[in-house]
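S.K.:
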Amino acid sequence: MPYFEGSDGTRLFYTDWGQGKPVVFVSGAWLSSSAWEFQMLPLSEAGLRCVAFDKRGHGRSDWVGHGYDYDTLADDLAALLDHLDLREVTLVAHSMGGGEVLRHLSRHGHGRVSRVVLMAVTAPLMAWAPDHQDGIQRHLFDAVEAERTKDRPRWMAQNAQAFFATHLGNKISTELIEWTVRRCLDCSAKAAVEVVRTGFHTDLRAEAAALPLPTLIIHGDADASAPIDLCGRRLAKLVPDNVYKEYPRAGHGLFITHADDINRDLLDFIGATSR
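Residue numbering for the sequence shown follows full-length UniProt numbering, beginning at 1 and increasing consecutively.
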């Protein structure tokens with residue numbers, strides 16, 4: 001199986017399908033590269049090279065007990081791009097993976113990257129701050145973390161319907177929901193806690209405002225994990241050169257429930273910004 005070394009020697013697994021312009025997928029908390037199958041298969045068949053990797057502590061990568069801050073995660077992403085010598089890359093991020101992409105660009109520059117897609121990301125800031133009064137209070141975040149940590153399998157199963165917003169008519173099979181829950185449990189308890197803390201507390205407003213590349217922002221207006229008013233809409237006001245798309249009734253798991261729309265928008269965006 002293909003592996004590369006992260007910034008501190010951590011062994012990280014990756015998947016590499018297809019030929020053509022490279023598209024690198026960056027997963028959110030708990031999910032590994034396998035979550036991107038509904039994008040990687042059709043896009044690789046459409047003539048793109050699709051690459052995804054398992055974040056440290058997730059999937060087939062080393063389950064280390066450190067390095068879940070955005071600096072280290074961004075360095076891991078840089079190590080992947082260097083390992084494969086990828087250029088003219090489209091970075092596609094979901095959830096807290098958006099912070100990895102923003103930190104990668106501010107920390108390593110955009111020499112290898114041509115465009116960015118931020119999909120249901122938790123950026124620019126989830127937490128309450130004196131100049132961010134609409135943010136989520138720390139005690140509310142801590143209460144959810146405690147409940148989730150006490151019984152991760154139960155919490156994941158109970159919140160799966162909200163993840164996909166099935167109550168609004170989004171169609172997904174019971175089997176696919178259960179499969180996604182299993183994927184979310186395929187990470188260490190340490191990683192499960194630490195990456196969410198990183199995604200919640202890190203202020204990425206300045207980095208979003210300085211993003212130097214064409215950017216596609218996609219967000220569902222029923223996203224319970226990254227509320228659209230805190231994340232997607234606010235991000236669209238900060239990023240200088242962006243195309244913003246709201247998906248009606250879509251939840252946080254829109255990369256599955258709205259895969260056809262996502263793939264069409266990805267292909268259109270890559271084509272439009274490659275001319």
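From the three backbone atoms N, C-alpha and C, an ideal C-beta is built for every residue, glycine too.
The structure presented is a predicted model; accordingly, all values stated were derived computationally and were not measured.
Are the C-beta atoms of residue 186 and some chain B residue less than 9 Å apart?
M.R.: Although the question refers to chain B, the structure presented lacks it and comprises just one protein chain.
S.K.: Expressed to the nearest angstrom, what Euclidean distance is found between the alpha-carbon atoms of residue 239 and residue 167?
M.R.: Cα-Cα distance, rounded: 32 Å.
S.K.: How far does the beta strand (DSSP E) with residue 216 in it extend, from its first residue to its last?
M.R.: Here the beta strand (DSSP E) through residue 216 covers 215-220.
S.K.: Which residues does DSSP pair with residue 179 in a beta bridge?
M.R.: Answer by DSSP bridge pairing: none, since residue 179 is not bridged.
S.K.: When you compare only the Cα positions, how much space is there between residue 131 and residue 200?
M.R.: Straight-line Cα distance between these residues: approximately 16 Å.
S.K.: Please return the same chain residues whose Cβ sits closer than 6 Å to the Cβ of residue 49, not counting the five positions on each side in sequence.
M.R.: Here the set comprises 18, 19, 20 and 22.
S.K.: Identify the residues that DSSP records as bridge partners of residue 16: which are they?
M.R.: Answer by DSSP bridge pairing, in chain order: 51.
S.K.: Exposed or buried, residue 248, counting other C-beta atoms within 10 Å across all chains shown (16 or more means buried)?
M.R.: Looking at its Cβ environment, which holds fewer than 16 other Cβ atoms inside 10 Å, residue 248 is exposed.
S.K.: What span of residues does the beta strand (DSSP E) with residue 247 cover, start to end?
M.R.: Taken as a continuous stretch (DSSP letters only), the beta strand (DSSP E) holding residue 247 covers 242-247.
S.K.: May I have a chain-ordered list of the alpha helix (DSSP H) segments no shorter than 4 residues that lie completely inside the stretch 67-91?
M.R.: With a minimum length of 4 residues, the continuous alpha helix (DSSP H) runs that stay inside the stretch 67-91 are 70-84.
S.K.: Nearest CA to the CA of residue 86: which residue from 180, 24 and 211?
M.R.: Measuring from the Cα of residue 86, the nearest candidate turns out to be 24.
S.K.: Going by C-alpha distance, which of 5, 31 and 4 is nearest residue 256?
M.R.: Measuring from the Cα of residue 256, the nearest candidate turns out to be 31.
S.K.: Would you kindly work out how many angstroms separate the C-alpha atoms of residue 163 and residue 251, rounded to a whole number?
M.R.: Approximately 6 Å, taken between the alpha carbons.
S.K.: Does the Cβ of residue 93 lie closer than 8 Å to at least one heavy atom of the ligand NAD?
M.R.: As for the ligand NAD, it is missing from this structure, which has no ligand bound.
S.K.: Please report the residue range of the beta strand (DSSP E) in which residue 113 lies.
M.R.: 113-119 is the extent of the beta strand (DSSP E) around residue 113.
S.K.: To the nearest angstrom, how far is the alpha carbon of residue 154 from that of residue 197?
M.R.: If you take the alpha carbons of residue 154 and residue 197, they lie about 20 Å apart.
S.K.: CB residue 165 to CB residue 121, shorter than 9 Å?
M.R.: No, the pair does not count as a contact, with Cβ atoms beyond the cut-off.
S.K.: For residue 45, collect the residues of the same chain with a Cβ closer than 8 Å to its Cβ; drop the 5 residues on either side in sequence, then sort them by chain order.
M.R.: The answer, listed in chain order, is 18.
S.K.: Span of the alpha helix (DSSP H) holding residue 144?
M.R.: Per DSSP, residue 144 belongs to the alpha helix (DSSP H) from 138-150.
S.K.: With 16 other CB atoms within 10 Å as the buried threshold, where does residue 99 fall?
M.R.: Classification for residue 99: buried.
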